Amino acid sequence: SPFSRLPLSLSLLPRQSGVSGGGRSSSRPSAMAAAPAPSDPAAMAITSLVSEASLTALRRNRGSGRAVADRTAAATTAVAAPLAKRLADALVRPGVYWLFHSWRLFGYGFILPPLLALRPVKTLLGLLAYGAVHRQRWWQVAVHKALGYGASRRHRIVNPSRHLIRDDKRYLWSLHPHSILADGWHSVVARNVDAFDDEGNGPPTIGRKIALCFAPVIQHVPVHQEMYRDKCGAADKASLVRWWNTPDTDPALIPGGFAEAVFADAGERRYEYAYIKDRKGFVKICIEEGKDIVPCYTFKSTWMYHNPGFLRGLRARLSQKLSIGLVAIIGRMGTSMPLTDDTTTVVFPPFEASRYKVAQLDEAHGAYMEHLETHFDLNKSKYGMDGVQLVFVGRDFKDDDSVARALRRIGILSRQVVKSSEEGQSQRSSRGA
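The opening position of the sequence shown corresponds to residue 678 in our numbering, with each subsequent residue numbered one higher.
(1) How far does the alpha helix (DSSP H) with Arg992 in it extend, from its first residue to its last?
(2) Which parts of the segment 1033-1072 are runs of the alpha helix (DSSP H), unbroken and 4 residues or longer, counting only runs that do not cross its ends?
(3) For His863, collect the residues of the same chain with a Cβ closer than 7 angstroms to its Cβ; drop the 5 residues on either side in sequence, then sort them by chain order.
(4) Can you name, in chain order, every residue of its own chain whose Cβ lies under 6 angstroms from the Cβ of Thr800, other than the five neighbours on each side?
(5) DSSP beta-bridge partners for Gly910?
(6) Given that a residue counts as buried once 16 or more other Cβ atoms are within 10 Å of its Cβ, and exposed if not, what is Asp860?
(7) Given a cut-off of 9 angstroms, decide if Ser838 and Ala1025 are closer than it, judged by their beta-carbon atoms.
(8) Using CA atoms only, rank isn't needed, just tell me which of Glu1029, Leu802 and Lys822 is closest to Arg843.
(9) Sorted by chain position, which residues of the same chain lie with C-beta nearer than 8 angstroms to Pro899's C-beta, five sequence neighbours on each side aside?
(10) Is DSSP giving Tyr848 helix, strand or coil here?
(11) Grab me the residues of Gly967's own chain with a C-beta within less than 8 angstroms of its C-beta, minus the 5 sequence neighbours each way, in chain order.
(12) Tell me the rounded alpha-carbon separation between Leu795 and Leu789.
(13) With Phe873 and Ala828 assumed to form a contact (beta carbons below 8 angstroms), what rounded beta-carbon distance in angstroms separates them?
(14) Cα-Cα, which of Ser1013, Gly990, Gly1011 and Asn922 is closest to Leu1003?
(15) Suppose you measure from the CA of Met1046 to the CA of Lys961; what does that come to, to the nearest Å?
(16) Using 8 angstroms as the Cβ pair cut-off and three pairs as the minimum, do the segment 866-880 and the segment 1007-1020 touch?
(17) With burial defined as no fewer than 16 other Cβ atoms inside 10 Å of the residue's Cβ, what is the status of Val1035: buried or exposed?
(18) What's the C-alpha gap between Leu1016 and Gly933?
(19) Assuming Ala823 contacts Ala888 (C-beta within less than 8 angstroms), just tell me the rounded distance between them.
(20) Just to confirm, are Val1065 and Ala951 a CB contact at a threshold of 9 angstroms?
(21) Are there 16 or more other CB atoms within 10 angstroms of the CB of Tyr1057, so buried, or fewer, so exposed?
(22) Quick one: residues in its chain with C-beta nearer than 8 angstroms to the C-beta of Gln813, no 5 flanking neighbours on either side, listed in chain order?
(23) To the nearest angstrom, report how far apart Cys973 and Leu849 are at their CA atoms.
(24) On the DSSP bridge assignment, give the partners of His983 in chain order.
(25) Exposed or buried, what is Pro706 when buried is set at 16 or more other beta-carbons lying within 10 Å of its beta-carbon?
(26) Counting C-beta neighbours from all protein chains within 10 Å, is the total for Arg992 16 or more, i.e. buried, or is it exposed?
(27) Comparing alpha-carbon positions, which option in Asp845, Leu917, Leu852 and Val835 lies nearest Thr882?
(28) Taking the alpha-carbon of Tyr826 as reference, which of Gly772, Pro797 and Ala809 has the nearest alpha-carbon?
(29) Please specify which runs of the beta strand (DSSP E), each continuous and at least 3 residues long, are wholly inside the segment 755-837, giving them in chain order.
(30) Just verifying my parser: in three-state terms, what is the DSSP assignment at Glu903?
(31) Per DSSP, what kind of secondary structure is His855 in: helix, strand or coil?
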């Protein structure tokens, strides 16, 4: 029987003898050291099984070692990647954050004069180079991404009125308040590279493309033009209508304008000012074109910077005339970094301007202000402005601060106020004619 040779087959491997009691090592070669005969199927089967088992064990050990190594590498990467990101955020983001807020508030205007004085040729070449590339899409997207990396993630937009905004209608989107320079809104746009892209879907939660109607020059202003790109321009009627005539883009504007920026002040916690008391033009355009208005209010955006509170009425009138906000931007530690990033832009329900006629303009304008105030009051507690009162002001705002009283005593302010009022009446008369 083949099994009678099993002990012999198991002894095929060479063995060494142990050390003898006399201290001499001896080896006794096995007489069975010859390889098994091919005709020994049992020995061959067992040897094959042992070999396969050994190879399987070896592969299993190698596989398990590789798996352990892979798991270790993955765990190391999982720990190292967040650490590297946090380190980069800690070292890089503060600088980009400062650059974003400084340059969007025209901080580069302070370094251009000394650069022109010290390095005129290089500075002019740099300006020419910017002029050559600033309208290129690759440049705009690159700058948008870079500055968006530094923008705060705390600014947000919520749209509880989404179900009231019909997809088959076109609207005018009105942004309130102006604050220093649409601050909370701008920070949200900075984080969303495709918000104003031709192939994008508009700002978050808005649900459609938006074009900002501020001023024609905005298409060439650094930081702003990189983010708004081709979807920005003038705020006149022709510009608004042009956007309504596009297939999918609604116009947006800030009714309070530069005059409203004067009233933005982090030190004022009792009142929120809307400089639209005499601003009826945007309501009239919507009545004429049969469009409704969607107000968007950014809560706490006026608390992002300190701004001196003297001569606000006079500065507001001059700001609107000069098309620039006469404000002093005082942020954290006197810089352009905001005092707070905790702002929320809330989309209010649409105001039905289309149901009025032009002859009812005053009524429609009053109803719009009431609509804005109602929804401001409904949301202010939820978004951190509990107890704040919304006040509507206009050209008739009377300055009553210490500087105004001093100037009034010597007759300077009174003459300026009278002059501004007369100019305002003259302009209104000419428009009516």
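The C-beta atom is built at its ideal place from N, Cα and C for all residues, glycine as well. Quick caveat: nothing in here was measured; it's all calculated off a predicted structure.
Taking the geometry as given:
(1) Arg989 to Leu999
(2) 1038-1056
(3) Arg781
(4) Leu792 and Leu793
(5) DSSP output for Gly910 lists Cys890 as bridge partner(s).
(6) buried
(7) Note that residue 1025 is Phe in the sequence shown here, rather than Ala. A contact, by the Cβ cut-off of 9 angstroms.
(8) Arg843 has its Cα closest to that of Glu1029, out of Glu1029, Leu802 and Lys822.
(9) Trp780, Tyr785, Tyr807 and His811
(10) Looking at Tyr848 - three-state DSSP - the assignment turns out to be strand.
(11) The residues are Ser1031.
(12) 10 angstroms
(13) Actually they are not in contact, since the Cβ atoms of Phe873 and Ala828 sit about 15 angstroms apart, beyond 8 angstroms.
(14) The residue with the shortest Cα to Cα distance from Leu1003 is Gly990.
(15) 14 angstroms
(16) no
(17) exposed
(18) 22 angstroms
(19) That pair is no contact at about 23 angstroms.
(20) no
(21) A small fix is needed here, since residue 1057 is Lys in this sequence, not Tyr. It counts as buried.
(22) none
(23) 11 angstroms
(24) Ile1007
(25) Confidence at Pro706 is low in this model, with a pLDDT of 46, below 50, so the placement of that residue should be treated as unreliable; the coordinate-derived value is given next. Burial call: exposed.
(26) buried
(27) Residue Val835 holds the alpha-carbon nearest to the alpha-carbon of Thr882 among Asp845, Leu917, Leu852 and Val835.
(28) Considering only alpha carbons, the answer is Gly772.
(29) 833-835
(30) helix
(31) coil
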